[in-house]
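Protein chains: 4
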Amino acid sequence: MGRKLTRQDLRDAAETYKNWGKWGPNDEIGTLNYTRPEDIVAAAGLVRKGKVISLALNFDQHGPQGAKSKYPPMGRINPLHLMLRTGTDAYSGVLDRRGIRAADDIVVMPLQSGTQWDGLGHVFYENHMWNGYDCREVTCAGAQKCGIEKTKDRMVGRGVFLDVARVAGKDTLDDGYAITSVDLDRTAAAHAVAIKRGDFVIVRTGQMEAKLAARNWDGYPGGDAPGFSFETLDWIHRNEIAAIASDTWGCEVRPNETEPGINQPWHWITIPIMGLTMGEIFYVADLAADCAEDKRYEFMFVAPAIPITGAVGSPTNPLAIK
Amino acid sequence: MGRKLTRQDLRDAAETYKNWGKWGPNDEIGTLNYTRPEDIVAAAGLVRKGKVISLALNFDQHGPQGAKSKYPPMGRINPLHLMLRTGTDAYSGVLDRRGIRAADDIVVMPLQSGTQWDGLGHVFYENHMWNGYDCREVTCAGAQKCGIEKTKDRMVGRGVFLDVARVAGKDTLDDGYAITSVDLDRTAAAHAVAIKRGDFVIVRTGQMEAKLAARNWDGYPGGDAPGFSFETLDWIHRNEIAAIASDTWGCEVRPNETEPGINQPWHWITIPIMGLTMGEIFYVADLAADCAEDKRYEFMFVAPAIPITGAVGSPTNPLAIK
Amino acid sequence: MGRKLTRQDLRDAAETYKNWGKWGPNDEIGTLNYTRPEDIVAAAGLVRKGKVISLALNFDQHGPQGAKSKYPPMGRINPLHLMLRTGTDAYSGVLDRRGIRAADDIVVMPLQSGTQWDGLGHVFYENHMWNGYDCREVTCAGAQKCGIEKTKDRMVGRGVFLDVARVAGKDTLDDGYAITSVDLDRTAAAHAVAIKRGDFVIVRTGQMEAKLAARNWDGYPGGDAPGFSFETLDWIHRNEIAAIASDTWGCEVRPNETEPGINQPWHWITIPIMGLTMGEIFYVADLAADCAEDKRYEFMFVAPAIPITGAVGSPTNPLAIK
Amino acid sequence: MGRKLTRQDLRDAAETYKNWGKWGPNDEIGTLNYTRPEDIVAAAGLVRKGKVISLALNFDQHGPQGAKSKYPPMGRINPLHLMLRTGTDAYSGVLDRRGIRAADDIVVMPLQSGTQWDGLGHVFYENHMWNGYDCREVTCAGAQKCGIEKTKDRMVGRGVFLDVARVAGKDTLDDGYAITSVDLDRTAAAHAVAIKRGDFVIVRTGQMEAKLAARNWDGYPGGDAPGFSFETLDWIHRNEIAAIASDTWGCEVRPNETEPGINQPWHWITIPIMGLTMGEIFYVADLAADCAEDKRYEFMFVAPAIPITGAVGSPTNPLAIK
């Protein structure tokens, strides 16, 4: 990628792409505002065959957390699913005093442990979060501003799938490959689909499928990966998309294109500066196969966050409805 | 409701309404099979104004768990949302060694603590679960059969909202009021909507709104409530609906219509015998207002479960898209 | 208590009682240093009848968290004990593939939800913690300084029990009653016991027993309570005790003796300024009965913290060995 | 170890070593009954230099859970320590509205994830637990019989340390090495210490220290290990010890001495048949060094369980007081 990006480059990008105030001083959802009611109606019109494709990885002990990582997580584990009552309790007769044989359960789940939305409280630029809110709005009591619950009626629109790996003629892009704006445009052109304001763009690198095939997530969380180049900020900004998602741990290319000491530079701009909601760890294999078959790379996209008050992210089961 | 229902009544109902084998011996999703691709296409056609209405209560410490109850829960707490990193950490400079200022979080959440789907592993009839599976398939390791993840691409179809309270001319139905098949038909008729095979039916009692207005959930979890009469099993069976949901803790009327020792008799039949997925603690106030205004009680309904492997329930953020 | 204490009073107390540097610039355990090896040998010499008395409340859903409170907690719940495997799993035969029938379990437990030690990372004075460490040493990653694990070989010494309620001729001291230095000295004198450097002092107000008898914890967590007057700081300082504990939620008297806006003023000084480890929610009924019977108010005291790295508190099962 | 043990060998051992009823039909603590008050008084007499040695590994993300294992755990993770409030919150000023700058925390901790007691509800023999109780007493609601809370005033007595590795002239015993009764007697003799009724015996294999030195726990949880031979049941029974502990994951030798399909045969007998409480993952390096130096292998031992109601195990911070 030529020279390494510096803090000054980030400062410049922050000036260029800043959307603060664009939707008023009290906005907490950023680019999700780009999707308008007529876009939702139009998206519904893309439902032709009545097929629903889930873009979620199942949430369990086989998820990517806990794998070897260059950038160890802090407290992110795979979801821990525990039972409060079981069928074996029922079988043993110990539930009958309650008059019903029922199982029940509980989960201990980092909100960004699997297929997930990054909320706008997730990343700060210096001491600010999206729309200029003070980063101290996110305390141990949660996010007083930009909590994921603010998006509860928003994650609906037109989805566009960009199978960058496929168009590049590869099963999976190489780790460290920086997807450029040119790549995105070339992929869209190959798919005969045009990006529109308010779209939800989902990009395939193939990395997740490679890890799944290897039955080994080592290097996936926090490791080297193909992903968005810093310069795609321009593409995102120009296209006025609602959100972007990918099949990697962190969307952007790793190693990052920055000087040492700056980690995930694209995130520094997308979330706090642009107000862009992002999806990560999306499972896109089934969608890729379907799109390759019917040649239709657009669909209705519905991916509601679980409205956990004050959360800075959320697991989601994103649905492509074709 | 006249005489109290007995175990023999339940046995009879089990014989009458049993759907085991209807979708093959390996089926794990029951009545969700009723929704066909053409129903999904038709449902998308109901999206006219591009409005998305969430039917989820926010998940937080203000939820219904922990309120006073005649039927104390076992381990159900309100979701506990905890931070792994915060904006205050960022502000304090302690994250800069990681090269990014980011917050992260985790939740400890009973899967049926808020707006939720009851999965088919939730309730057993004697030693069996849906489709005749042995109840011992649900152990501390989770549900080996009928886990909620099996529904991951299924919760999409036509939604029909039945505002029983409104049609009855009440703000909220009385606790203990048993909604009958006649009530459901009368409400549908008043709304000029007809129930079809594969529908997702959402019923309003008004109880949740009364609790919210009182800012006090006492009596909501496990307490007396308006809800479905046992005899609505016939209506559900006859109409071949995909799923049913309500704004109460447990869908069915409480006190139950049964002799002592039988708790939630309707659940004994719906889940394990019919294979009916059910929604509870749905927040329907906004939907009710919108439907009253535009007189349209049908819409596209998308309410994906979070596919936690082996779970017997799931939080959901159900969306009515109109 | 005469006039309300002001911030200036706290500032003055901080100057008067500050132990920073007393045990070197790297000390992380404060007054636990007062207990010397010879004190431990002497304490062991108090074991005469071979009786062990636990001062722990059992940790379960019947604990004090969740009760009504004037000062609502943030995230403190009663311990949530969950099973990973059960005897019912064993009975159902589903464990036999593992070759052993074993149960296993897990707990979700706020560290200060029951009988507990307040660690030295628990309370800050302005931007400092014990020994002058920066409060930013306690982040979402835990306490980098003064974590409870630093005390792992320290909670052993002579215990002295001061049954203030009994000596005052009451079952329980009144809520709002401020225990003074005079009360403590009078109680010790009545018990014919003298406080020594390095002692672990345990004080009974009777409040917990009153709540247990009422089977209702309302008002216990964060509510009005008898407890230490601010002026007992002098007694604590002068006597060079290792630690102090009581049977209330927060040791000190509530309502506090301060002007509005200053909560738990005694804590502001004891923990960060003096370096005093404190015990709360100690169950002392059995100890009280035993001491009343044998007239011996001193004993060997062993109350190890669970050395959770970076924790600012710990559950404990404190033992009085007589 | 010659021929593999069969189920008949286990049945025979169960008959030989069964202590059911020995302490009455309602006993829930088994061999802890062997320790009498006079033993506690005598143990206190062993405190000569006032030194406290902790036998606990710190509880954190560096613990043994999650390491590679031949026998994967079910739900056992390293303790997850999470903050409810922090010093960075304090620094950021967001706590001042509460009138106190305080940190608080919570742990998600499998009870057998680190230094721990196995409670008597942990292992079943066929459908029974200790003292003949039905294994269905241990449900998702916890252990109705033999919960760890029953031991709350019991884990005090004389500790005897047997440094088997050292006496064998090794840093660590080999994986798969079965420690025999002869080894135990020879070690005790070398240490000039005699085992007595009611003792707490702690045995060193050196395995933990090898793993710590390698900074890699792979193979420790559920892997091959030195440990007790099945035939030590006789030694344990004959010596009437209160409890036994070791520095390995599971006390007994692995691979086990049994035919396929029988895992941890020694546990089948110790816990449910003998009623023997067992300690695992004890950190004994410091104790080993101290005993080697002062040649005194006996001491006062205090290792209280945290009395979590219905728990089948407990973390502990065991103290050797010399």
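Residue numbers (this note's numbering), protein chains in the order written: chain L, 7 to 328; chain R, 7 to 328; chain P, 7 to 328; chain V, 7 to 328.
Backbone N, C-alpha and C define an ideal beta-carbon position, used for all residues, glycine too.
In whole angstroms, what separates the C-alpha of residue i from that of residue j?
i: V:PRO278; j: L:PRO232; result: 54 angstroms
i: V:ALA251; j: V:GLU304; result: 14 angstroms
i: R:MET280; j: L:TYR131; result: 53 angstroms
i: P:MET7; j: P:TRP255; result: Since pLDDT at P:MET7 reaches only 48, below the 50 mark, its modelled position is unreliable, and the value read off the structure follows with that caveat. Taking the straight line joining both Cα atoms gives about 21 angstroms.
i: R:GLN122; j: P:LYS24; result: 53 angstroms
i: L:ASP124; j: P:GLN150; result: 28 angstroms
i: R:GLU299; j: L:ARG160; result: 21 angstroms
i: L:ASN39; j: R:ALA50; result: 22 angstroms
i: R:ASP292; j: R:LEU61; result: 8 angstroms
i: P:ILE154; j: P:LEU126; result: 7 angstroms
i: V:PRO310; j: R:ILE83; result: 29 angstroms
i: R:TRP272; j: R:GLU258; result: 7 angstroms
i: V:MET364; j: P:SER119; result: Outside the shown range of chain V (7 to 328) lies residue 364 of chain V, about which nothing can therefore be said.
i: P:PRO116; j: P:THR94; result: 28 angstroms
With a threshold of 7 angstroms on Cβ separation, who are the neighbours of residue i within its own chain once the five nearest residues in sequence on each side are excluded?
i: R:SER187; result: GLU237, THR238, ASP240, TRP241
i: P:ARG54; result: LYS328
i: L:GLY148; result: THR315, GLY316, ALA317
i: P:ARG107; result: ALA96, LEU101
i: P:TRP29; result: ASN39
i: V:CYS152; result: GLU34, GLY125, LEU126, GLY127, MET135, TRP136, TYR139
Using a cut-off of 7 angstroms between C-beta atoms, extract the partners of residue i located in chain L.
i: P:ALA147; result: MET80
Excluding the five sequence neighbours on either side, which residues of its own chain have a C-beta within less than 8 angstroms of the C-beta of residue i, listed in chain order?
i: R:HIS134; result: ASP140, CYS141, PRO278
i: V:LYS76; result: GLY225, GLY228, GLY229, ASP230
i: P:VAL308; result: MET161, VAL162, PRO324, LEU325, ILE327
Below 9 angstroms on C-beta distance, what does residue i contact in chain V?
i: P:THR37; result: Those do not exist, as P:THR37 stays about 16 angstroms from chain V at its closest Cβ, beyond 9 angstroms.
Chain R partners of residue i, CB-CB under 7 angstroms?
i: V:VAL100; result: THR94
i: P:GLY72; result: GLY72
i: L:VAL308; result: VAL308, LEU325
What does residue i reach in chain V if we use C-beta pairs closer than 8 angstroms?
i: R:LEU88; result: LEU88, MET89, LEU90, ILE112
Below 9 angstroms on C-beta distance, what does residue i contact in chain R?
i: L:HIS243; result: In chain order: nothing, as chain R lies at least about 21 angstroms away.
i: V:TYR97; result: THR94, TYR97, SER98
i: P:ARG142; result: ASP95, SER98, GLY99, VAL100
List, in order along the chain, the chain L residues whose C-beta lies closer than 9 angstroms to that of residue i?
i: V:ILE314; result: Residues of chain L passing the Cβ test: none, with the nearest at roughly 15 angstroms.
Enumerate in chain order the residues of its own chain whose CB-to-CB distance from residue i is below 6 angstroms, with the five nearest sequence positions on each side excluded.
i: L:VAL114; result: LEU86
i: L:PRO5; result: The structure shown does not extend to residue 5 of chain L, since chain L is modelled only from 7 to 328, so the question has no answer here.
i: L:TRP26; result: ASN137, GLY138
i: R:ARG302; result: none
i: L:PHE65; result: PRO85, GLY120
Which whole-angstrom value is the C-beta distance of residue i and residue j, which I expect to be below 8 angstroms?
i: P:ILE112; j: P:GLY165; result: The Cβ separation is near 32 angstroms, so there is no contact.
i: R:THR37; j: R:ALA219; result: With a Cβ gap of about 34 angstroms, R:THR37 and R:ALA219 do not count as contacting.
i: V:ILE185; j: V:VAL173; result: 11 angstroms between Cβ atoms; not a contact.
Run through chain R and tell me which residues come within less than 8 angstroms of residue i, C-beta to C-beta.
i: P:ILE83; result: ILE83, LEU86
i: L:ARG160; result: VAL58
Can you list the residues of chain V that residue i reaches, using a CB-CB cut of under 7 angstroms?
i: P:ILE268; result: GLY105
Taking only runs that begin and end inside the segment 217-259 of chain R, name each unbroken alpha helix (DSSP H) of 4 or more residues, in chain order. The DSSP assignment places 238-245 as complete runs of the alpha helix (DSSP H) inside the segment 217-259 of chain R, in order along the chain (cut-off: 4 residues).
Start-end ranges of the beta strand (DSSP E) lying completely within the segment 176-216 of chain V, minimum 3 residues: With a minimum length of 3 residues, the continuous beta strand (DSSP E) runs that stay inside the segment 176-216 of chain V are 206-209.
Considering only residues of the segment 30-61 of chain P, which uninterrupted beta strand (DSSP E) runs meet the minimum length of 3 residues and lie entirely inside it, listed in chain order? Counting only runs of 3 or more, we get 58-60.
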